[in-house]
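Right, one structure below, let's go through it.
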Amino acid sequence: SQTIHQWPATLVQPVGSPLSLECTVEGTSNPNLYWYRQAAGRGLQLLFYSVGIGQISSEVPQNLSASRPQDRQFILSSKKLLLSDSGFYLCAWSMDSYNSPLHFGNGTRLTVT
Amino acid sequence: AQKVTQAQTEISVVEKEDVTLDCVYETRDTTYYLFWYKQPPSGELVFLIRRNSFDEQNEISGRYSWNFQKSTSSFNFTITASQVVDSAVYFCALSGGVNFGNEKLTFGTGTRLTIIP
């Protein structure tokens, strides 16, 4: 069966510090991968998605970036965090097909202080 | 532009009561998919159901049922005989058109459901 791992679960970082969140998927190949952010009391905002290694599409311009160095690995990064980057970050995968369901990781709660 | 409205921000019901979560959507596409996801306190979203725009049959899965009505652009979710484990935030989502995948998925803002024991 497929599983998705996301870490760390919680993170407190000072403004201006770098960020690296990692997500890996097991049990499937060539998944579509996604990074979402959920601000308090709001819905989900798609940040990045990837349909293959090295292929990253950004939905929202910001100081975050994403990379996919391996087929089942998706990394969310920042060189310098802003206060506004605080939130709940969710990684997700789906089969490489039209509108197949998303499968989410447990999320990372990021607090920028 | 696509839009999903979940007007109920928070709902509280006593255990064993039935509860309906509303979802109203807007789209110009003739072919689309609708989804419901559950986000328990642990944080991860769990997929519950996907329906396509050509299938208006209601669906029942245990205590869960979904009522899809194209005439009113609604895809409501009912939990029968609610249980404490049903406490979660529930999200309704709408897909993009036939030429798009999940990158065009539009989520509602969610409804926080609390089941009171």
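Top to bottom, those sequences are chains A and B.
If you're matching positions, the first sequence starts at 1486 in my numbering and goes up one per residue.
If you're matching positions, the second sequence starts at 4 in my numbering and goes up one per residue.
Glycine residues also receive a C-beta, built at the ideal position from the N, C-alpha and C atoms.
All of these numbers come straight from a predicted model, not from anything done at the bench.
- If you check each beta-carbon in the stretch 36-68 of chain B against every beta-carbon of chain A, the ones closer than 8 Å belong to Tyr36, Phe38, Tyr40, Ser45, Gly46, Glu47, Leu48, Val49, Phe50, Arg53.
- Interface criterion met: the Cβ of glutamate 1544 (chain A) is under 9 Å from a Cβ in chain B.
- With a threshold of 16 other beta carbon atoms within 10 Å, histidine 1588 (chain A) meets it and is buried.
- Alanine 1494 (chain A) and serine 74 (chain B) have their C-alpha atoms roughly 42 Å apart.
- For the stretch 1556-1573 of chain A, the beta-carbon criterion of a distance under 9 Å to any beta-carbon of chain B is satisfied by Phe1573.
- Pairwise C-beta distances place the stretch 11-26 of chain B in contact with the stretch 108-118 of chain B, as three or more of them are shorter than 8 Å.
- Annotated as distal: leucine 108 (chain B) and valine 22 (chain B), with beta-carbon spacing of 9 Å or more.
- With a threshold of 9 Å between beta carbons, phenylalanine 110 (chain B) makes contact with chain A.
- Pairing asparagine 70 (chain B) with asparagine 61 (chain B) gives a Cβ-Cβ distance under 9 Å.
- Chain-ordered, the chain B residues with CB closer than 9 Å to the CB of asparagine 1517 (chain A) read Gly104, Asn105, Glu106.
- In the structure shown, glutamate 62 (chain B) adopts extended strand secondary structure according to DSSP, grouped into three states.
- In this structure, the CA atom of glutamine 1530 (chain A) is about 5 Å from the CA atom of tyrosine 1521 (chain A).
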